[in-house]
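Position in the sequence shown (from 1) plus 1 gives the number in the working numbering. Cβ atoms here follow ideal geometry from the backbone N, Cα and C, with glycine treated the same way. Before any comments, here is the structure.
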Amino acid sequence: MTVITHAEVFVTSPGRNFVTLKITTSDGVTGLGDATLNGRELSVVAYLQEHIVPLLIGRDPQAIEDTWQYLYRGAYWRRGPVTMAAISAVDVALWDIKGKVTGQPVYQLLGGASRTGALAYGHASGSDLPSLFTSIQNHLDQGFKAIRVQTGVPGLGQVYGVATNQKPGERYDYEPAKRTSVPTEEEWDSRAYLRHIPTIFAAVRAEFGYDIPLLHDGHHRLTPNEAAILGKSLEPYDLFWLEDCTPGENQESLRRVRAQTTTPLAIGEVFNTVHDYQTLITEQLIDYVRSAVTHTGGISALRKIMDFAAIYQIKSGFHGPTDISPVGQAAALHLDLAIHNFGIQEYMKHSGDTLEVFQTSYTFENGLLHPGNNPGLGVEYNEELAATFAYTPAYLPVNRLQRDGTMHDW
C-alpha cells in the first residue's frame, strides 16, 4: 500500500512571502499545496509543522476526503484562517498527487472542462484619471477582457489598491504588505470616497465605453447604508460587481445593501468555511463567491461551497492576487475550468523571481486563463532557488479615520 512518507514546509520570499507544503509518497510521487497567509505566514508554518505533518505520515495519499475530515473534525478547534490554510495546503497537495498518479490534470479528476478557459480580470489603478487611463490601456493591451478599477481619493494619501502610477506598457505591481517592523498607517474618509468614486466610473465609461466589464473593491470600509449608497450611485455605469462593500462577518447586513441596489455584489476573500456564506447564499444576498482555494480548505471544500451556491444561481469569482502563490492560483484554475457556475477569476501576474521559483504550466491568452494539461496541478517548486530568498517579515497596513484617528477597517 502506498502511504505518505514525508511532508515538508518551505518558506520563500521572491519579492513577497510564500508558504508551500510538499508531500511525498512511498512511491516517490510529490504534491504541492499553498499555505500562504499574508502577514501571518509563520503561524501557518507552525500549525503545519507542529500539528499537521506528524498526522500525515503513514496515511493513504489517495484518501483525500477522509484526510480532510480527519484534519477538520478531529482537531475539535475548527475554522479560522490558520487552520483552514493548513488544511487547504494538505488537500491541494493530495489532489496534485492524485493527478500525477493517474496521469491527468486535476480538472479532469473534477469532471473535466466545462469551458475553454477562465475569464480573468486584471487590476488597474492610478492616483488620478490620466494615470488610471494609462493603467486600463496597459491591461487592454495585455489582453484582459475585464478590469478592476481603483483610484486615489482627493485629500487622502495612500489608498488601498492603488499602485505606483504605471508607464505605458509597464506591468502592474502592487504589494500592500510592507517590509516593516510594524504595520504602516493609512488614512480614510468614507464621505470623500463616496463622492469621488462615481465620477471616476463616469469618466472611465466615457473614455473606454460600456463593453468592458468593470469591477470595483470597497475593501470592507463602508457601513451597510454607505454600501447601499455606493451601489446605487454606480448603477448607471454597469459594474460587473462591487466587491466587499461592507464587512461580511455580519451576514445579515447585506440585506440592507441588497434591498437598495441592483449592482451585483461579491464577497468572501476573508471567509474560510461554508458557514461564513450560509445566510448570504440561501437569501441570495450576493452574486459571486470570492474565496481563495488557499484559505477555504482547498479544492475539496471550495467545490462544495460552489455546489451549494449553484442552487441559488450564485457564481464564482475566486481570490487571486499575488499573495496567493502560483500553486494556489493553479488550484483555483483547475476548479474554475471544472465547475458549472464559474463567473470570473482574479489574476495578477507574479514577478519574474516568483515564476522562477514556481514553474507553472498555466497560460493567459485572449483574456482567458487555462491551467494546462500537465498531470496534477502543473506547478514545480525549485527548492534550491527558493532557499536563496529568505523570509522577511511584512505587514499589511492599518487604517485610521482622517478626522480623528479612530481605527477603521483596512
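Straight-line gap, residue i to residue j (C-alpha atoms, nearest Å)
i, j, result
"residue 152", "residue 57", "46 Å"
"residue 381", "residue 360", "5 Å"
"residue 317", "residue 365", "19 Å"
"residue 303", "residue 29", "28 Å"
"residue 344", "residue 374", "22 Å"
"residue 164", "residue 150", "11 Å"
"residue 298", "residue 372", "20 Å"
"residue 46", "residue 68", "19 Å"
"residue 1", "residue 249", "Here the chain covers residues 2 to 411 and nothing more, so residue 1 does not appear."
"residue 140", "residue 200", "21 Å"
"residue 11", "residue 386", "12 Å"
"residue 285", "residue 266", "10 Å"
"residue 301", "residue 356", "26 Å"
"residue 65", "residue 100", "12 Å"
"residue 60", "residue 82", "24 Å"
"residue 134", "residue 80", "41 Å"
"residue 351", "residue 323", "6 Å"
"residue 130", "residue 136", "10 Å"
"residue 147", "residue 368", "8 Å"
"residue 358", "residue 379", "14 Å"
"residue 37", "residue 399", "20 Å"
"residue 132", "residue 74", "50 Å"
"residue 107", "residue 194", "42 Å"
"residue 143", "residue 320", "20 Å"
"residue 14", "residue 376", "27 Å"
"residue 273", "residue 90", "13 Å"
"residue 305", "residue 222", "29 Å"
"residue 332", "residue 407", "39 Å"
"residue 291", "residue 282", "12 Å"
Exposure label - residue i; buried when at least 16 CB within 10 Å
i, result
"residue 191", "buried"
"residue 247", "buried"
"residue 349", "buried"
"residue 295", "buried"
"residue 87", "buried"
"residue 314", "exposed"
"residue 119", "buried"
"residue 402", "exposed"
"residue 72", "buried"
"residue 310", "buried"
"residue 77", "exposed"
"residue 244", "buried"
Reference residue i, options the options, closest by Cα
i, options, result
"residue 8", "74, 92 and 136", "92"
"residue 329", "173, 19 and 205", "19"
"residue 183", "407, 400 and 396", "396"
"residue 84", "97, 70, 96 and 95", "70"
"residue 4", "245, 353, 63 and 89", "63"
"residue 405", "377, 187 and 313", "187"
"residue 336", "218, 136, 96 and 131", "96"
"residue 342", "383, 288, 138 and 378", "288"
"residue 234", "198, 135 and 363", "198"
"residue 154", "168, 145 and 196", "196"
"residue 2", "17, 26, 136 and 14", "26"
"residue 112", "339, 278, 77 and 398", "339"
"residue 370", "98, 117 and 22", "117"
"residue 325", "311, 270 and 278", "270"
"residue 263", "43, 228 and 321", "228"
"residue 168", "290, 128, 103 and 179", "128"
"residue 102", "166, 32 and 157", "32"
"residue 279", "260, 251 and 261", "251"
"residue 138", "157, 166 and 161", "166"
"residue 275", "308, 43 and 16", "308"
"residue 334", "363, 312 and 353", "363"
"residue 260", "226, 17 and 290", "226"
Which ranges would you report for the alpha helix (DSSP H) in the stretch 39–71 if only whole runs of at least 4 residues count? 42–48 and 54–57
Does the stretch 115–124 come into contact with the stretch 381–392, if we say contact requires no fewer than three beta-carbon pairs (one atom in each stretch) closer than 8 Å? no
Across the stretch 163–180 and the stretch 207–224, are there enough close Cβ pairs to call them in contact, namely three or more that are closer than 8 Å? no
Inter-stretch contact at 8 Å, needing at least 3 Cβ pairs: the stretch 45–53 / the stretch 239–256: no
Counting beta carbon pairs with one atom in the stretch 210–223 and one in the stretch 231–240, are three or more of them shorter than 8 Å? The stretch 231–240 vs the stretch 210–223: in contact.
Alpha helix (DSSP H) segments (min. 4 residues) lying fully within the stretch 194–261: 225–235 and 254–261
Can you list the beta strand (DSSP E) stretches of 3 or more residues lying completely in the stretch 98–152, in chain order? Counting whole runs of 3 or more residues, the stretch 98–152 contains the beta strand (DSSP E) stretches 119–127 and 147–152.
Pick out the complete beta strand (DSSP E) segments inside the stretch 339–407, 3 residues or longer, and give them in chain order. Entirely contained in the stretch 339–407, the beta strand (DSSP E) runs reaching 3 residues are, in chain order, 345–347, 359–361, 364–366, 369–371, 380–382 and 399–402.
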